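K.L.:
In the numbering used here, the protein residues as written are 140 to 626.
Glycine included, each C-beta is placed from N, C-alpha and C at the ideal position.
Values in this document were obtained by computation on a predicted structure and should not be read as measured data.
Before I ask anything, let me first share the structure, which is written out below as structure tokens.
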Ligand code: TRP
């Protein structure tokens, strides 16, 4: 039975046209625990803060992974004084217990941080600690007296402490040239973080990880350079970011060995990624493969990076990384951060087959970054769009609309309406998407051709990156050796 107050609140939302689902859970203390229980990250959590200003109370709605910038709030509201409401004030105004604020309170104004709108659905309070509401993000604009504003910066809260993010590290395996999924899911996130200017960003081609599964040495040597060129063509600036091959900084491997002294074999044997790989390559079950996550932890922690833009499939590896950081800090008194994942907007790019994720290893699933308009059109036209009996979206149609949201977001509503009233011509939607994808890729392709031709420049980027990275890496290894009694 849902509590009367929660139902009443749900009805109020319905009256306002704010769509939501109701999720049930045990009474958990922190938003983070609730999200974990429900299977979401902090980036998909809403926090409503009630604050007092000289003009009365306001509500500020932000994502769980961003932190408020009071300067921005003051500017957006045109006010000078701003403080959190006390527990007393909070209870009196909202009528709910602290920690359970929902999104409709009797305040002068509600500001919604613009980063909230990067998601399509997001979880927030319901007035009860036993229920979480999952809101349609676009509907939040219907909150009375509300406005969207830029009031936060991206920041990360880990379980124990709040740490200011300084370094970002990420890596891509050199198993093949990048495709559209990598570009949207990873590289665009790399760029976004580089552009903020708030972090030191280090982006790596993890060639040593690529040799943990069967590979061809000639192909590897070629591919790894292609990825560096892809990074540069996508707009990464080697003056701002450090761009490296993992193997150019051998300290990663050294640190991985030191780390392996605090890692249990059984823990590694049970990782889903390891199990998948040994199924794929039953004759290649090697120590290197088992060590994969330890090397990944070394990649990140050697730079003491606290933010890692990678796909959700890498979460188990990040968990291992945090465990290693904790153990090293406990046993040897190091100061490794516990890094968290940075989720990008396009992190899940569906396969063109309508099933699963876009992947290099599934034929017909991906668009190459170097595809021509013709090729892209052909591939997008091949997305299956057979309609289902109940008029629901088939997975192929959903895939198309995901691409539509990413590439022609302004026209999505128009196409959705047409879909609903049965007048949609799929070819039109498909070609509009294909054209937009090509428009995004064209400048990339032009830049790529120029960069690829400039061998000297690419060599220099690789050399310079290695030099800058090694400086940091050597320091960390030196510190670890000292603390472990090796010097
Ligand atoms: N395991 C990552 C993947 O398959 C690649 C990787 C290796 C990585 N080291 C890393 C990603 C360090 C981020 C940070 O996608």
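If you run the structure through DSSP and keep just helix, strand and coil, what is residue 554?
P.N.:
Here the question's residue 554 lines up with position 415 in the chain shown. DSSP places residue 554 in helix when its eight states are reduced to three.
K.L.:
Is it right to say residue 572 is buried, meaning 16 or more other beta carbons lie within 10 angstroms of its own, or is it exposed?
P.N.:
Within the chain shown, numbered from 1, the residue matching residue 572 stands at position 433. Result: buried.
K.L.:
How far does the beta strand (DSSP E) with residue 463 in it reach, from first residue to last?
P.N.:
To locate residue 463, count along the chain shown from 1; it is residue 324. Careful: residue 463 lies outside any beta strand (DSSP E), inside the alpha helix (DSSP H) at 454 to 471.
K.L.:
Should residue 266 and residue 241 be called a contact, given that it needs their Cβ atoms to be closer than 8 Å?
P.N.:
Working through the chain shown from its first residue, we reach residue 266 at position 127. Working through the chain shown from its first residue, we reach residue 241 at position 102. Contact: yes.
K.L.:
Would you say residue 407 touches the ligand TRP, meaning its beta carbon is less than 7 Å from a heavy atom?
P.N.:
Taking the first residue of the chain shown as position 1, residue 407 is located at position 268. It does not: the Cβ of residue 407 is nowhere closer than 7 Å to a heavy atom of the ligand TRP.
K.L.:
To the nearest angstrom, how far is it from the Cα of residue 275 to the Cα of residue 367?
P.N.:
Working through the chain shown from its first residue, we reach residue 275 at position 136. Working through the chain shown from its first residue, we reach residue 367 at position 228. Between residue 275 and residue 367, the C-alpha separation is close to 38 Å.
K.L.:
Can you list, in chain order, the residues of its chain whose CB lies under 7 Å from that of residue 173, leaving out five sequence neighbours each side?
P.N.:
On the chain shown, position 34 is the one that residue 173 refers to. Taken in chain order, the residues that qualify are 164, 167 and 271.
K.L.:
When you measure from the CB of residue 316 to every non-hydrogen atom of the ligand TRP, does any distance come out below 7 Å?
P.N.:
For the purposes of this step, residue 316 is taken as the residue at position 177 of the chain shown. Result no, Cβ not under 7 Å from the ligand TRP.
K.L.:
Inspect the beta-carbon positions of residue 440 and residue 463 and report whether they are closer than 8 Å.
P.N.:
The residue labelled residue 440 in the question sits at position 301 within the chain shown. The residue labelled residue 463 in the question sits at position 324 within the chain shown. Yes, the Cβ-Cβ distance between residue 440 and residue 463 is below 8 Å.
K.L.:
Under DSSP, the alpha helix (DSSP H) around residue 419 begins and ends at which residues?
P.N.:
The residue labelled residue 419 in the question sits at position 280 within the chain shown. 411 to 419 is the extent of the alpha helix (DSSP H) around residue 419.
K.L.:
Could you name each continuous alpha helix (DSSP H) segment of 4 residues or more that falls completely within the segment 586 to 622, going from the start of the chain to the end?
P.N.:
Runs of the alpha helix (DSSP H) inside the segment 586 to 622: 594 to 622.
K.L.:
Beta carbon of residue 439: closer than 7 Å to some heavy atom of the ligand TRP?
P.N.:
Indexing the chain shown from 1 puts residue 439 at position 300. It does: the Cβ of residue 439 is within 7 Å (strictly closer) of some heavy atom of the ligand TRP.
K.L.:
According to the Cβ coordinates, are residue 447 and residue 406 closer than 8 Å?
P.N.:
Position 308 of the chain shown holds residue 447. Position 267 of the chain shown holds residue 406. Not a contact, by the Cβ cut-off of 8 Å.
K.L.:
Distance, Cα to Cα, residue 351 vs residue 312?
P.N.:
Along the chain shown, read from residue 1 onward, the residue named residue 351 stands at position 212. Along the chain shown, read from residue 1 onward, the residue named residue 312 stands at position 173. Residue 351 and residue 312: Cα-Cα distance of roughly 11 Å.
K.L.:
Spell out the partners DSSP gives residue 578 in its beta bridges.
P.N.:
The residue given as residue 578 occupies position 439 in the chain shown. Paired residues: none, contrary to the question.
K.L.:
Quick check on DSSP: helix, strand or coil for residue 511?
P.N.:
By one-based count along the chain shown, residue 511 stands at place 372. Of the three classes helix, strand and coil, the one that applies to residue 511 here is coil, per DSSP.
K.L.:
Select from 486, 460 and 471 the residue whose C-alpha is nearest the C-alpha of residue 478.
P.N.:
Counting from 1 along the chain shown, the entry for residue 478 is found at position 339. Comparing Cα-Cα distances from residue 478 to each of 486, 460 and 471, the minimum goes to 460.
K.L.:
What residue range does the alpha helix (DSSP H) around residue 214 cover?
P.N.:
Counted from its first residue, the chain shown places residue 214 at position 75. Here the alpha helix (DSSP H) through residue 214 covers 209 to 216.
K.L.:
Exposed or buried, what is residue 147 when buried is set at 16 or more other beta-carbons lying within 10 Å of its beta-carbon?
P.N.:
On the chain shown, position 8 is the one that residue 147 refers to. With fewer than 16 Cβ atoms within 10 Å of its Cβ, residue 147 is classed as exposed.
K.L.:
Three-state secondary structure (DSSP) at residue 275?
P.N.:
Start at 1 with the first residue of the chain shown, and residue 275 comes out as number 136. Residue state, collapsed to three classes: strand.
K.L.:
So, for residue 222: in the same chain, excluding its five sequence neighbours on each side, which residues have a beta-carbon less than 7 Å away from its beta-carbon?
P.N.:
By one-based count along the chain shown, residue 222 stands at place 83. Only 190 and 191 meet the Cβ criterion.
K.L.:
Determine the contact status of residue 183 and residue 280, defining contact as a CB-CB distance below 8 Å.
P.N.:
Residue 183 sits at position 44 when you count from the first residue of the chain shown. Residue 280 sits at position 141 when you count from the first residue of the chain shown. No. Outside cutoff.
K.L.:
Check whether the Cβ of residue 420 sits closer than 7 Å to any heavy atom of the ligand TRP, and report yes or no.
P.N.:
On the chain shown, position 281 is the one that residue 420 refers to. Checking every heavy atom of the ligand TRP against the Cβ of residue 420, none is found closer than 7 Å.
K.L.:
Grouping DSSP H, G and I as helix and E and B as strand, with all else coil, what is residue 531?
P.N.:
In the chain shown, the residue the question calls residue 531 occupies position 392. Coil.
K.L.:
Identify whether residue 262 lies in helix, strand or coil by the three-state DSSP scheme.
P.N.:
In the chain shown, residue 262 corresponds to position 123, counting from 1. Note: residue 262 maps to strand in three-state DSSP.
K.L.:
Check for me: the alpha helix (DSSP H) holding residue 172 runs from which residue to which?
P.N.:
Locating residue 172 in the chain shown gives position 33, where the first residue counts as 1. Residue 172 -> alpha helix (DSSP H) spans 170 to 177.
K.L.:
Hey, could you find the ends of the beta strand (DSSP E) residue 631 is sitting in?
P.N.:
The structure shown does not extend to residue 631, since the chain is modelled only from 140 to 626, so the question has no answer here.
K.L.:
Does the Cβ of residue 291 have 16 or more other Cβ atoms within 10 Å, making it buried, or fewer, making it exposed?
P.N.:
Looking up residue 291 in the chain shown gives position 152. Residue 291 is buried by the Cβ-count criterion.
K.L.:
Can you list, in chain order, the stretches of the beta strand (DSSP E) that have 3 or more residues and sit fully within the segment 324 to 399?
P.N.:
As far as the segment 324 to 399 is concerned, its whole beta strand (DSSP E) runs of at least 3 residues are 339 to 345 and 381 to 384.
K.L.:
Look at the alpha carbon of residue 553 and the alpha carbon of residue 544, and state the distance between them as a whole number of angstroms.
P.N.:
For the purposes of this step, residue 553 is taken as residue 414 along the chain shown, with counting starting at 1. For the purposes of this step, residue 544 is taken as residue 405 along the chain shown, with counting starting at 1. Straight-line Cα distance between these residues: approximately 12 Å.
K.L.:
So the candidates are 472, 450 and 512; which of them puts its Cα closest to the Cα of residue 488?
P.N.:
Locating residue 488 in the chain shown gives position 349, counting from the first residue. Of 472, 450 and 512, the residue nearest in Cα terms is 450.
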